[in-house]
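Step one of this worksheet: look at the structure below.
Residue numbers (my numbering), protein chains in the order written: chain F, 1 to 666; chain A, 667 to 895.
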């Protein structure tokens with residue numbers, strides 16, 4: 001055999017090609033190793049950030065609880081001071097004034113014990129969690145980078161494997177005849193070409209690194225969201241997206257913030273926002289799609305999208321996304337709500353009924369009563385929406401809604417009784433301040449009957465009714481009269497200033513009757529809610545008014561022109577002896593009048609007057625400047641003294657009427 | 667003896683020439699090699715793609731773990747704090763009980779302070795059983811309720827485990843795809859042996875190789891194209 005037989009031009013070319021492919025494989029192996037190192041480095045950073053996030057969360061929460069605990073410890077001194085001070089003011093007990101002053105001094109010595117003594121609690125506690133949020137978002141960002149480096153490393157490894165196959169084929173091609181050779185060389189060339197293109201693309205694609213500025217914006221968005229500044233949160237999430245378009249979490253959170261910002265429930269809903277304008281649902285849906293595109297299959301965006309699609313009327317898509325969320329986790333109830341509504345919207349009654357039954361069982365097993373209430377509210381609102389949209393859905397929608405009402409009533413009135421014979425005639429509704437009073441003729445009533453009043457509200461006629469979990473009011477009928485007329489006061493703790501109420505009365509799941517009433521617009525326009533839960537009162541006041549809260553159980557309101565004033569004082573004194581009450585009331589009246597700062601020209605005789613359901617006594621005082629004051633005090637058998645003084649220029653009571661109507665004693 | 671038994675170069679070249687496949691067999695072998703090569707490329711590409719999904723799921727499981735555990739840590743600390751405040755509440759009531767007969771007004775103030783404490787500390791009375799000194803804070807119930815409620819905003823508490831299980835399934839698929847790709851050189855070796863062997867076993871080896879190539883290709887395509895359940 002001659003040397004030429006082994007050293008053909010093809011074999012010489014193959015030798016060059018094999019060497020070149022080998023070199024290429026070595027370069028890929030090197031790049032793969034580098035990418036692997038980067039992956040490890042970022043994975044380590046991510047692990048550290050994860051530990052840091054957990055530690056920061058624990059640290060922030062512990063600090064918050066420490067501050068709250070310290071506030072509680074000092075708060076007992078302050079509360080005691082407030083009580084003594086109020087009692088001194090209302091009951092003219094001079095020794096208590098001395099005690100109050102001593103307590104004020106004592107409280108002063110405790111200054112600085114807790115930052116919450118001066119700071120806004122929500123803002124302070126939110127600030128303590130800022131580092132935890134930053135660490136969690138950093139961890140997520142660094143993991144994205146680590147994953148990208150891992151993808152690169154894997155791509156290089158795959159390329160190396162393909163080159164090994166190509167080398168095998170090239171080696172084999174040396175052993176076959178010329179006519180068959182091309183069947184081996186061409187695939188090998190294809191593999192090398194493919195690997196080359198893939199390697200260049202992989203090398204040229206940078207691993208994403210999330211800018212710190214994007215993380216900072218998202219952290220700020222989280223803070224504002226927690227403080228219920230939803231518009232500010234939307235702006236911050238938009239900024240985060242602008243700085244890093246791949247920030248899936250920012251897209252997802254912006255969708256939630258958009259809905260919260262645009263919803264009329266923005267100040268009341270804790271869990272489920274279920275009414276917002278259509279264009280907002282569309283924008284939120286687009287955000288969630290973007291989050292899914294960037295962050296992969298993820299539970300919350302899928303669950304959210306199914307809900308938004310129900311609102312937008314695309315029931316098939318809604319079902320698809322609800323099922324995708326359920327495939328990831330069938331435990332939480334929200335995707336079941338959306339699935340039930342999507343099936344109902346499609347007219348698939350049997351499937352919808354079964355999904356509703358599954359949902360009902362699931363909700364009943366949830367440990368949090370607030371969550372249970374809000375989820376049931378969500379499905380009631382959805383059922384109303386579908387009943388209004390589609391005639392075919394109406395009977396089943398009503399059935400599902402009734403089942404949700406019954407579940408709530410059975411839970412809140414465990415000793416109530418079913419009352420299948422009870423009937424309500426058309427009720428009469430009146431609205432005053434925060435109270436909707438229903439006067440309802442009934443018959444067939446039994447003692448212990450389980451009843452419910454479902455209150456819905458809308459700001460303008462034709463708008464969508466809003467429902468709140470706390471406005472499904474249960475009542476276990478206490479009387480034994482089979483027929484008569486009941487008065488049922490229903491309290492809306494917000495400050496709705498105009499609009500309409502609808503009240504649906506239920507006996508378990510049976511709708512007895514429905515009535516609507518229009519709330520006349522308040523002369524003062526929109527109102528701001530001011531609760532003092534510990535002090536035992538809530539207020540609503542018009543924009544521009546000055547609100548001050550000098551003590552627990554004390555609130556002062558002054559109109560912008562200072563011509564209208566309201567002073568409210570509430571304090572516990574212990575149940576007074578019946579015979580001591582008139583003298584006590586007289587003392588309180590004198591003290592309240594003394595707070596006017598001028599001696600009235602005339603005080604009209606007392607008359608009984610009820611405010612916020614509390615019986616009391618009122619006096620009209622005529623002031624030297626022509627103004628008047630309305631003085632009211634109630635000394636309750638429960639041991640609480642509740643008072644207010646409304647001062648106004650003569651014949652100009654108007655804005656104060658609304659404010660007084662909305663004043664509630666708890 | 668050994669030298670005597672070994673066939674001469676001439677004999678070996680004769681055997682090689684005699685075993686050389688017919689042109690048709692050569693083409694079949696080359697086509698099969700080409701097919702399994704493409705299959706190998708598809709399997710390798712799919713392995714990279716699925717690996718990327720698996721790593722993404724790993725990442726998500728870690729992120730979800732941090733979220734859910736953070737939530738639980740916070741809920742646990744807050745509920746523990748609630749328990750501490752309820753103790754404070756009980757202490758005030760115990761003091762009130764002690765002085766009730768001697769100074770009822772002072773006792774009333776202490777009870778008012780105790781009730782105000784619960785309100786100021788945002789404690790939900792639904793997780794309180796009993797009243798006054800007999801009150802007890804239901805830590806476990808409160809914790810479970812808080813964690814459950816947070817599932818609406820963060821992710822369900824058991825979601826990290828589910829995501830990790832999905833990641834494991836994807837990793838297993840990567841393993842299968844890699845194994846498929848690793849079987850390619852074995853098949854190429856089989857076809858090489860078929861090429862060099864005598865015509866009768868070659869036929870059997872070629873049939874076996876064709877079946878194996880077909881199965882391997884089908885398996886690779888299934889693993890690459892059918893999504894994870």
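Beta carbons: idealized from backbone N, C-alpha and C, even for Gly.
- Proximity of residue 705 of chain A to chain F, defined by a Cβ-Cβ separation below 8 Å, is not satisfied.
- Neighbours of residue 368 of chain F in chain A, taken as residues whose beta carbon is under 7 Å from its own, are 811, 814 and 815 in chain order.
- Minimum Cα-Cα distance from residue 741 of chain A among the listed residues F:342, F:61, F:141 and F:506 corresponds to F:61.
- Interface annotation, residue 893 of chain A: not in contact with chain F, CB-CB separation never under 8 Å.
- Scanning F:77, F:477, F:369 and F:319 for the CA closest to the CA of residue 351 of chain F turns up F:319.
- Shown here for residue 844 of chain A: same chain residues with a beta carbon closer than 6 Å to its own, the five before and five after excluded, namely 713 in chain order.
- Comparing C-alpha distances from residue 52 of chain F to each of F:144, F:447, F:175 and F:130 shows the shortest one belongs to F:130.
- Residue range 435 to 443 is occupied by the beta strand (DSSP E) that includes residue 436 of chain F.
- In the DSSP secondary-structure assignment, residue 503 of chain F is bridged to F:455 and F:515.
- In this structure, residue 258 of chain F sits away from residue 275 of chain F, with a CB-CB distance that is not shorter than 8 Å.
- Any Cβ of chain A closer than 8 Å to the Cβ of residue 151 of chain F would place that residue at the interface, and such an atom is present.
- Annotation for residue 640 of chain F: the continuous beta strand (DSSP E) segment containing it runs 640 to 648.
- Unbroken alpha helix (DSSP H) runs of no fewer than 4 residues, entirely contained in the segment 93 to 178 of chain F, are found at 94 to 109, 121 to 128 and 130 to 173, following chain order.
- Taking CB atoms only, residue 722 of chain A has a neighbour in chain F less than 8 Å away.
- Pairing residue 694 of chain A with residue 719 of chain A, the inter-Cα distance amounts to about 37 Å.
- The way I'd put it, the segment 442 to 460 of chain F does touch the segment 474 to 488 of chain F; three or more beta-carbon pairs between them come closer than 8 Å.
- Under the DSSP assignment, residue 867 of chain A falls in the alpha helix (DSSP H) whose first and last residues are 865 to 891.
- Taking CB atoms only, residue 765 of chain A has no neighbour in chain F less than 8 Å away.
- Taking a beta-carbon distance threshold of 8 Å, residue 693 of chain A counts as an interface residue toward chain F.
- Between the segment 644 to 654 of chain F and the segment 623 to 636 of chain F, the count of Cβ pairs shorter than 8 Å is three or higher; the stretches touch.
- As computed with DSSP, residue 630 of chain F is found in a beta bridge with F:620 and F:646.
- Membership of residue 777 of chain A in the alpha helix (DSSP H) is indicated by the continuous run 770 to 786.
- Interface residue (Cβ-Cβ distance to chain A less than 8 Å): residue 70 of chain F is not classified as such.
- The C-beta of residue 338 of chain F comes no closer than 8 Å to any C-beta of chain A.
- Beta-bridge pairing by DSSP links residue 611 of chain F to F:614.
- Residue 556 of chain F sits in a strand when the DSSP states are folded into three classes.
- Each of F:568, F:73 and F:200 was checked against the Cα of residue 747 of chain A, and the nearest Cα belongs to F:73.
- In the three-state reduction of the DSSP assignment, residue 477 of chain F falls in the coil class, being assigned neither a helical nor a strand state.
- In terms of beta-carbon proximity, residue 298 of chain F lines the interface with chain A, with at least one pair separated by less than 8 Å.
- Taken atom to atom, the span from the alpha-carbon of residue 396 of chain F to that of residue 876 of chain A is near 60 Å.
- Not flagged as an interface residue toward chain F: residue 826 of chain A, since no C-beta distance is shorter than 8 Å.
- Comparing C-alpha distances from residue 508 of chain F to each of F:461, F:484 and F:414 shows the shortest one belongs to F:414.
- Spanning the alpha carbons of residue 38 of chain F and residue 294 of chain F requires a straight line of approximately 22 Å.
- When 7 Å is used as the limit between beta carbons, residue 143 of chain F is near these residues of chain A: 725, 728 and 729, in chain order.
- Residues of the same chain with a CB within less than 7 Å of the CB of residue 240 of chain F, apart from the 5 flanking positions on each side, are 214, 217, 218, 221, 247 and 250 in chain order.
- In the assembly as shown, residue 201 of chain F is an exposed residue. Its beta-carbon has fewer than 16 other beta-carbons within 10 Å.
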